[in-house]
Structures are given as C-alpha cells and as structure tokens.
Amino acid sequence: MSRTVKKNYPPFHADHVGSFLQPSRLKQARAEWEQGRLSRDKLTEIEDEEVLRVVENQKACGLRAITDGELRRSWWHFDFFDHLQGLEGYNDTDGEPFNTVQPRTHHIRVVGKIDFDVSHPFLEHYRFLHKAVGIDGWSLAKQTLPSPTMLMHSCIRENAFYTSLEAYSDDLANTYRKAILAFYDEGCRYLQLDDVFLAYLFDLREREKEQEAGIDLQYLLDICVRTLNLVLEVRPEDMYISMHICRGSAMPSWIYQDGYDAIGYVIASVNVNGLFLEYDDEHSCSLELLRHITHQKVVLGVVTPHKGELEDSAAIKMAVNTASLYVPLQQLALGPLCGFSSTHGEAMLTEEQQWAKLRHIVNIAQEVWTMPD
1 MSRTVKKNYP PFHADHVGSF LQPSRLKQAR AEWEQGRLSR DKLTEIEDEE VLRVVENQKA
61 CGLRAITDGE LRRSWWHFDF FDHLQGLEGY NDTDGEPFNT VQPRTHHIRV VGKIDFDVSH
121 PFLEHYRFLH KAVGIDGWSL AKQTLPSPTM LMHSCIRENA FYTSLEAYSD DLANTYRKAI
181 LAFYDEGCRY LQLDDVFLAY LFDLREREKE QEAGIDLQYL LDICVRTLNL VLEVRPEDMY
241 ISMHICRGSA MPSWIYQDGY DAIGYVIASV NVNGLFLEYD DEHSCSLELL RHITHQKVVL
301 GVVTPHKGEL EDSAAIKMAV NTASLYVPLQ QLALGPLCGF SSTHGEAMLT EEQQWAKLRH
361 IVNIAQEVWT MPD
C-alpha cells in the first residue's frame, strides 16, 4: 500500500549517493596497515578523524543527509557481505579488466545459512557517524548498504547450500530485516540500498547470457522484487529507505550499457520511499519511466562525479522541469549520478572539485525548490 506523500522526509531536494573520495592520508594509512606497518588501532584513529572531517564538509556544503563517505570501506559492497554469516570473501587471480584498468579481484561465495549478526562492524561505524552528525534539527545521518539483490548474481546464487531460489530469497530477506532493525535501534532513520544487479538484468548482452543458461528472466526479476519487499515490510513508520539503481559507474564507462529501458516494473513494484536514478547526457534514461512513480521521491542524478567541471545550471533546471511533467516537483530532488569514490583506478576529480559539485547541487536545489525540505 502506498504511503501518503510527506514533504519533509528524505531523500532531500539536494541529496547524494553516499561515497566520497578517499583522502590520500587514509589511503596511505590503509596501505601501511595492509603491509603490517601500522596497527589496527592507529588506522581506526585516522579513519575516525577523516570521517569527522567529511561530516563537517558535508554540513558546510548545506547537505542534510550526512554519510561517513564510506571511508572505512575497501569495497562499497564486499565489506558488508564479508561480515554476514554464511558468506565468505575470497580473492581471485583472474580479474576482468574494467575499460583497460585491471581491478582488484575480491569475490563472495555462499558457505552456509546466510544471517545477520549484531557484532557486524557496520553497526559500530554507524554509531560513530550518528554521534558525529549530532542532533541539530537539520542534519540526518544516512547509512548505505549494498542491496540484497547484489547476491542474486549467478556466481553467488548458484551454490551448494541453497537448492531453492525461494529459500535463498527468504534468508536474504530475513538477514536484511534484522540488519535494518539493528540500524534502527542505533538511531538510523535514513537508509539507502545500493544496487547494480537490476541494471545488469536490463543489459541485453547479460540477459542473453542468463537466457542461454536456461534462466527465466521474469522469474528472476520477480524474486528480486519479492526479496526487497519482504525486507521493507519491517521498516518502522519513521524510517525512510531509498534505493540507488546504478549501472556500475565506478568510472566514466558503463559496465551495463543499456540501463533503464525495462526498469519501470521495478519502480512500480518495490516499496521504497525514494529512488536515486542516474541521468546523464550520453546514457540518459528515458524520463518516461517516471510515469511509474507513485509515492516515491526521485533523486535525479544529473551531476557527474567523473569530471571536475560544474554542469550548466540552466541545463539542470531544464532536466528538473522536464521530470516534473511526470512527477510532482515536490517529489523530485537533485544529486550526483553515483558516488564519488572509485573502486577501480584513480579518481577523476579532486576533493575540492567534489565539494564544489555538492555545493552546486545545493545551490540549484535552493533556487528550484523555494519551500524547505
């Protein structure tokens, strides 16, 4: 059942996906720790200091949603999965080059019943963030997690432990239900699920691979939607959960090129409060998909984190105006098309340019939406 649309809940009119560039000091400290030249306690101390800095920088930009920048993570997704029961991380020597860049090769596999444990380190990370953000009536600590659908990739879902996809879906949902309630108990009221698997299902080449393997794509998509909605059933009334549907844009070339042509089904079916949708010049999703929106807020990803030059304000306002033909203006928001942190290769812009981009988003949002969030 759709909720009544409220004006003053996240996503905010100026929002962001969550990750920020890793400061050089933190990169060096992590490298020294991996080499055994720095203690874990000292690395944590440096992480804490950099998280405090990134929190203050977000506030200085005028952002309301405040994350820890995912600065403590080596990966945007594996760090969470590695600490779930029943999953095991491992390294592979054969990595697929990502647009000529050789990626680090870490993977995940199912080794038992999947479950969430309250000793998960992300909870301690959130406690630190929540305290750092404070309660000022404006800022809100935001937690990002990889979506459970990320574990629907064939190399993970096809395992010896689960012989039924429905049973697998049930355990994934139960795991995330526990996680969401655990974060809620720590004070979290804004949580975001990050997903690239759904975009994978809409890439024509990847669809052909699944079909050649005998997979019923609609059934797989139904299982994904089912899993997400089972998770969302436990969401407390005063907790807001958004979803970032990403095409794997760790660098300015796409893993999954076709994007959103068939994603309206997901938009219409998944009971999240908000959606972060990528929208850029070369690979823009059709704004017609917005006709599927009911109660959700939609963050239009119209600012690229892949180059330092600021986008034209008039062009961004025009994009918002076009979107408002499909979705009421008060349900729309602005943000980057993805996170600023890059898993593969070097950053495409500087920290100063990163913060300038976010100030640009906030300034445009203040001009477009005269009413506060």
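Counted from 1, the sequence shown has number 250 at position 250 by the UniProt record's numbering; the numbering is strictly sequential.
Positions of the beta carbon are idealized from the N, C-alpha and C atoms, including for glycine.
Being a predicted model, the structure only gives us computed values, none of them experimental.
Own chain, CB closer than 6 Å to residue i, minus 5 neighbours either side, in chain order
| i | result |
| --- | --- |
| Gly274 | Pro11, Ser242, Gln296 and Lys297 |
| Lys357 | Val303 |
| Leu310 | His360 |
| Ala365 | His13, Ala14 and Leu334 |
| Glu367 | none |
| Glu351 | Leu21 |
| Asn159 | Val110 |
| Glu50 | Pro23, Leu26 and Leu71 |
| Asp79 | Arg73 |
Proximal residues to residue i (C-beta, below 8 Å), its chain only, five neighbours per side dropped
| i | result |
| --- | --- |
| Leu191 | Lys142, Gln143, Thr144, Leu145, Ile180, Phe183, Met239, Tyr240, Ile241 and Ser242 |
| Phe197 | Ser147, Thr149, Met150, Met152, His153 and Cys224 |
| Ile215 | Ser154 |
| Glu70 | Gly18, Ser19, Phe20, Trp76, Thr144, Gly339 and Ser341 |
| Leu84 | Ile114, Asp115, Phe116, Asp117, His120 and Thr175 |
| Arg235 | Ile180 and Ile241 |
| Asp48 | Phe128 |
| Ile316 | Val302, Val303, Leu334 and Ile364 |
| residue 375 | Nothing about residue 375 can be read from this structure; the chain reaches only from 1 to 373. |
| Ser39 | Trp33 |
Beta-bridge pairing of residue i - partner residues as DSSP gives them
| i | result |
| --- | --- |
| Asn91 | His106 |
| Tyr190 | Tyr240 |
| Asp195 | Ile245 |
| Asp115 | Gln85 |
| Leu140 | Ala65 |
Integer-rounded CB distance, given that residue j should sit under 8 Å from residue i
| i | j | result |
| --- | --- | --- |
| Asp92 | His77 | 16 Å between Cβ atoms; not a contact. |
| Leu337 | Ala323 | Leu337 to Ala323, Cβ: 14 Å. No contact. |
| Asn306 | Met348 | Per the sequence shown, the amino acid found at residue 306 is His instead of Asn. About 4 Å; that satisfies the 8 Å criterion. |
| Trp33 | Leu43 | 4 Å |
| Val231 | Tyr176 | 4 Å |
| His244 | Gly187 | With 8 Å as the limit, His244 and Gly187 do not qualify as a contact, their Cβ atoms being about 22 Å apart. |
| Asp68 | His125 | 6 Å |
| Ile156 | Phe202 | With a Cβ gap of about 19 Å, Ile156 and Phe202 do not count as contacting. |
| Tyr279 | Ala319 | 7 Å |
| Ala167 | Thr227 | Not quite, the Cβ-Cβ distance comes to about 12 Å (not below 8 Å), so this is no contact. |
Boundaries (first-last residue) of the alpha helix (DSSP H) holding residue i
| i | result |
| --- | --- |
| Gly264 | Gly264 to Ser269 |
| Phe183 | Leu165 to Asp185 |
| Gln366 | Glu351 to Val368 |
| Lys297 | First-last for Lys297: Lys297 to Val303, but that is the beta strand (DSSP E), not the alpha helix (DSSP H). |
| Glu124 | Pro121 to Val133 |
| Thr149 | Note, Thr149: premise wrong, no alpha helix (DSSP H); not H, not E. |
| Leu230 | Leu217 to Leu232 |
| Val320 | Ser313 to Ala323 |
| Ser341 | Run containing Ser341: none; DSSP gives neither H nor E here. |
| Arg235 | Here Arg235 belongs to no alpha helix (DSSP H), and DSSP marks it neither H nor E. |
| Ser154 | Ser154 to Arg157 |
Extent of the continuous beta strand (DSSP E) run through residue i
| i | result |
| --- | --- |
| Ala333 | Leu332 to Pro336 |
| Leu289 | Where Leu289 is concerned, there is no enclosing beta strand (DSSP E), given that its DSSP letter is neither H nor E. |
| Leu277 | Gly274 to Glu278 |
Residues near residue i by beta carbon distance below 7 Å, same chain, minus five either side
| i | result |
| --- | --- |
| Gly86 | Val110, Val111, Gly112, Lys113, Ile114 and Asp115 |
| Ala268 | His292 |
| Val362 | Ala14, Cys61, Gly62 and Leu63 |
| Thr370 | none |
| Arg30 | Leu43 |
| Ser139 | Lys59, Arg64, Ile66 and Val133 |
| Ser169 | Ile223, Arg226 and Thr227 |
Could you pull out every unbroken alpha helix (DSSP H) segment of at least 4 residues lying fully inside the stretch 11-81, listed in chain order? The qualifying runs are 24-34, 40-61 and 78-81.
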